[in-house]
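Here is the structure we will look at, set down as structure tokens.
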Amino acid sequence: MPPGQGGAVHYGGSHHGISLPNQTIYVNNLNDKLSKDILRRELYVLFSQFGSILDIVAMKTPKMRGQAFIVFQDIRAASIALSKLQDFEFYGKRLRIAYGRSKSDAVAKEEGTFVPRHKRKAGEGNAASARPKKVVSVAGAPAPVAAKGSSTAASSAPAAAAAPPPPAEPEVEDQPPNKLLFLSNLPVEITEIMLQTLFKQFPGLDEVRMVPGKPGIAFVEFGNETQSAQAKDTLQGFKLTPTNAMRITFAKQS
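To convert, count from 1 in the sequence shown and add 26; that's the numbering used here.
Structural data, given as structure tokens:
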């Protein structure tokens, strides 16, 4: 099941109170004016800097509006994200984050303990007989990514291996440190708002500029070179999607 579709995370009970640290974090007070697809992409960009994400669930039902569940591959990443982004301003609203109160389906699938929901309700079988093959799904920002390790992925592996690799992008020569950063290897669906969400965690952000008619590149300007260098060092190679590792250099000054 693609990440975030069809209720890939199953929870019960209230989210008030204290929950034990686990791989799933519950985020609320989200801006409910964003579409589901945009919200999932933005959450991926914001949270994936702390670790690999297995799943993101954000639904627009009356009960789930303004809320999302983000499932990390490990507890440490979830804990760091919770700590760093608690009260973070996201689309004009401050995030409220807590640990999820029960194990997500995505984690259960990865551990091999997943039992389909209808069997849980009917009490049929047991975890051993219902255990599927180990599945690890990665939530890509622009579009759902098929679970790795599935039979489809396995059967297409030889064909993928035979395909010629994409042409390498020319290396961009780095310039002396200055306040303006040049970003390359960006996915075509990236927006200024997405980049602002990613870079505004660093002090001194002045402006994010896309280049009309030239997808895949952007400029980010800070107040001084110390601030830009901090962002450059931290986000160098950051994956905006599973296939797009962002390249950051100091921009050429005119």
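Where is the CB? At the ideal position from N, CA and C, for every residue including glycine.
These numbers were taken from a predicted model, which means no experiment stands behind them.
Strictly by DSSP, which residues pair up with residue i?
| i | result |
| --- | --- |
| D81 | V97 |
| K265 | A271 |
| F208 | F245 and T275 |
| L231 | F248 |
| V53 | A94 and I123 |
| E115 | R120 |
| M236 | A244 |
Mind checking whether residue i and residue j have CB atoms under 7 angstroms apart?
| i | j | result |
| --- | --- | --- |
| I51 | L108 | yes |
| N270 | P213 | yes |
| V234 | L221 | yes |
| F225 | A255 | no |
| F248 | K278 | no |
| N55 | Y125 | no |
| R273 | N211 | yes |
| V83 | F73 | no |
Please name the residue, chosen from the options, that lies closest to residue i on a Cα-to-Cα basis.
| i | options | result |
| --- | --- | --- |
| N57 | L266, F276 and K119 | K119 |
| I219 | Y125, L209, Y117 and T260 | Y117 |
| Q227 | P47, Q75 and V53 | Q75 |
| K240 | E215, F264, L261 and D232 | E215 |
| T223 | L266, P202, Q49 and A255 | L266 |
| D113 | I123, A104, Q262 and S105 | I123 |
| R66 | Q99, Q49, N48 and R91 | R91 |
| L209 | P229, L261 and L231 | L261 |
| K59 | T217, M85, A103 and K110 | M85 |
| G230 | E68, M272 and V246 | V246 |
| P203 | D232, D259 and G242 | D259 |
| E68 | S78, I106, T217 and A104 | T217 |
| T87 | P268, K62, S105 and G242 | K62 |
| I101 | I79, L207 and E115 | I79 |
| I106 | I243, G77, P268 and K89 | G77 |
| A244 | P268, L207, A104 and F264 | L207 |
Under 8 angstroms by Cβ, that's how I've got residue i and residue j pegged, so tell me the actual separation to the nearest angstrom.
| i | j | result |
| --- | --- | --- |
| D81 | V97 | 4 angstroms |
| Q201 | T252 | Rounded, the Cβ-Cβ distance is 16 angstroms, inconsistent with contact. |
| V53 | Q99 | Going by Cβ atoms, the distance from V53 to Q99 rounds to 17 angstroms, so no, they are not a contact pair. |
Does any C-beta atom of chain B lie closer than 7 angstroms to the C-beta of residue i?
| i | result |
| --- | --- |
| N55 | Within the model displayed, chain B is absent; a lone protein chain is all it includes. |
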